[in-house]
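Chemist: My questions will all concern the structure given below.
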Amino acid sequence: MKAPTTVLTRSPVWALGLASVAGFMVALDALVVATAIPAIQRDLGARPTTLAWTINAYALTYAAGMITAAALGDRLGRRRIFVLGLGLFAAASAACALAPSAAALIAARAVQGIGAAVVSPLSLTVLASAFPRERRGAAVGIWGGVSGLAVASGPLVGGALAQAFGWHWVFWVNVPIGLLVAVLARLRLDETHGAAAGLDLPAVGLVSGGAACAVWGLIRVGDVGWGHEETVAAVGLGVLLLAAFVAWESRARAPMLPLRLFRSRAFTAASASGFLMAAALIPAAFLIAQYLQLVLGESPLGAGLGFLPMTATPLLVAPVAGALSDRIGQRPLMVGGLLLQAAGLAWFASLATPGVEYTRLVPPLLVAGVGVSMPFATTATAALGAVAPADLGSASGVTGTLRQFGAAFGIAIVTAVFAVNGHAGTPAAFDHGFRPALTAAAAISALGALTALGVTTRRRSSRVDAAGVAVVPLAER
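In numbering that gives the first Met the number 0, the protein residues as written are 0 to 476.
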């Protein structure tokens, strides 16, 4: 049985650089097609409702695969699975670019989501493994700033590439980046493992099937409503499968997801805050991108440029927030950031009218951008700091999966609010739905600030066991 190895000894700088680039790439693709959809529609002749599945298919497989991918990394080698995930993501990106039809594009996006489900948690795991606890906040802060920038700038990058080179380049750009990062990771990163055990195949089926059903149901809410039999059946089956997964894991000798993680108040609170942060951020970014085009009449590139006050701030603020969290703890930054994000989104919603001057929208975009920059990294730092090094892979998979669930949940809630109040037929009708929907996203962010109060802020002591693995006392987590 292979002993757990949890610290990279020679390559922290390489781990930081490669994890950040990989995290940026997969986070970018969550919304990069949002502003390219009109161009794809003209080329492939598909309906907008069909092309919405270029986003949904990615989110579905992304959410369904992360816990399994993290478990595979712990058992088979984190670097090995990370490299394989990068290769799969690059290959699927090429398939997206070459897709001759909407159906082929959606299928390729689903495979791309599987690659992202591998890359995302393992990029965070290899990064966290490379740095000691006292320096981890700053490192994860840089990773979080880059990933936050990717989420927020997806519409800008997609619009610029689609307008300058064609929508195919939204996907082609991933191929050389993914392959280069894979080669460098193989050459420059040391191999590490988590707890050694065989892969629990029943657990894989339960968690993947449960996540897929639940996210499918949440995605379909926008089309068929909360009370439709398809929504109820999908979400209900997803909840049952996930409950069965928890029951199975509670009795498993070598669980894929150690349930002891949730005995830590800090881990549970940080994971819940990450869920609610994504539930506010992702639908807000999608809504604002559409508002700038459909109501203010911007081009895809213009809409992306209009996002700059919000998208530029994570790259500047998140690394500072991560470094500051090593001194004062994560809770003040998480609570303050989520409240700022809520304030910025609510402020934007209060100003949004068909005739508003764009310059009046810049201050709330800046406030929201500063807000999201602070919790994006610190929620991950708080969650990983609450677990033992051998559990970093499992913890990363859980927090990543919950963020994807949060994004799907937020889209379902915000879309339902939008549908009740407006539609996309005219700028005025879109605006009528946009303002209450964005206000709902702000309320979700404020709820996230409340959950963040459960994160402890005092510095944690640690001891080292006989195997050389740092152990954090449960009472301090």
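Here a beta-carbon is modelled for each residue, glycine too, at the ideal position from N, C-alpha and C.
1) Give the list of continuous alpha helix (DSSP H) stretches no shorter than 4 residues that lie fully inside the region 39-86.
2) Suppose you measure from the CA of Pro11 to the CA of Phe347; what does that come to, to the nearest Å?
3) Thinking just about the alpha-carbon of each residue, which of Met309, Thr124, Arg74 and Phe285 is nearest to the one in Ala406?
4) Roughly how many angstroms lie between the CA atoms of Arg434 and Pro201, to the nearest whole one?
5) Report yes if the CB atom of Phe266 is closer than 9 Å to the CB atom of Ala394, and no otherwise.
6) Quick one: Cα of Ala210 to Cα of Glu356, how far?
7) Label Thr352 either buried or exposed according to how many other C-beta atoms from any shown protein chain fall within 10 Å of its C-beta, with 16 as the threshold for buried.
8) Helix, strand or coil, according to DSSP, for His192 in the structure here?
9) For the structure I just gave you, are there three or more beta carbon pairs, one from the region 156-167 and one from the region 123-140, closer than 8 Å?
10) Alpha carbon to alpha carbon, how far is Arg252 from Leu344? Give it in angstroms, no decimals.
11) Between Phe81 and Gly177, how many whole angstroms is the CB-CB distance? I'm expecting something under 8 Å.
12) Would Val371 and Pro313 be called neighbours here (beta carbons separated by less than 9 Å)?
13) Take every Cβ of the region 104-115, pair it with every Cβ of the region 38-55, and state whether three or more of those distances are shorter than 8 Å.
14) What's the C-alpha gap between Gly86 and Phe130?
15) If you follow the alpha helix (DSSP H) that Ala487 is in, where does it begin and where does it stop?
16) By how many angstroms is the C-alpha of Ala376 removed from the C-alpha of Ser19?
17) Just reading off the alpha helix (DSSP H) that Val238 is part of, what are its end residues?
18) Tell me whether Leu360 sits in a helix, a strand or coil according to DSSP, three-state version.
19) Would you mind working out which of Ser298, Val413 and Arg402 sits nearest Ala38, comparing C-alpha positions?
20) Between the C-alpha atoms of Ile412 and Gly72, what's the straight-line distance to the nearest angstrom?
21) So what does DSSP say about Ala2, is it helix, strand or coil?
22) Using 9 Å as the threshold, is the C-beta distance between Ser207 and Gly76 below it?
23) Using CA atoms only, rank isn't needed, just tell me which of Ala26, Arg41, Asp199 and Ser92 is closest to Ile68.
24) Specify the secondary structure class of Trp13 as computed by DSSP and reduced to three states.
25) Just to confirm the assignment, what range does the alpha helix (DSSP H) spanning Phe497 have?
Modeler: Reading it off the structure:
1) 47-50 and 52-75
2) 40 Å
3) Phe285
4) 45 Å
5) yes
6) Distance between the alpha carbons of Ala210 and Glu356: 42 Å.
7) exposed
8) Here His192 carries a strand assignment [DSSP, helix/strand/coil].
9) no
10) Whole-angstrom Cα-Cα distance: 46 Å.
11) The beta-carbon distance between Phe81 and Gly177, rounded to whole angstroms, is 11 Å. This is too long to meet the 8 Å contact definition.
12) yes
13) yes
14) Roughly 26 Å separates the two Cα atoms.
15) Given a span of 0 to 476 for the chain in the structure shown, any question on residue 487 remains unanswerable.
16) 12 Å
17) Glu228 to Arg250
18) helix
19) Ser298
20) 33 Å
21) In this prediction, Ala2 has a pLDDT of 49, which is less than 50 and means its spatial position is unreliable; nothing more can be read from the coordinates.
22) no
23) The displayed chain sequence assigns Ala, not Ile, to residue 68. Residue Asp199 is the option with its Cα nearest to Ala68.
24) helix
25) The structure shown has nothing for residue 497, since the chain only spans 0 to 476.
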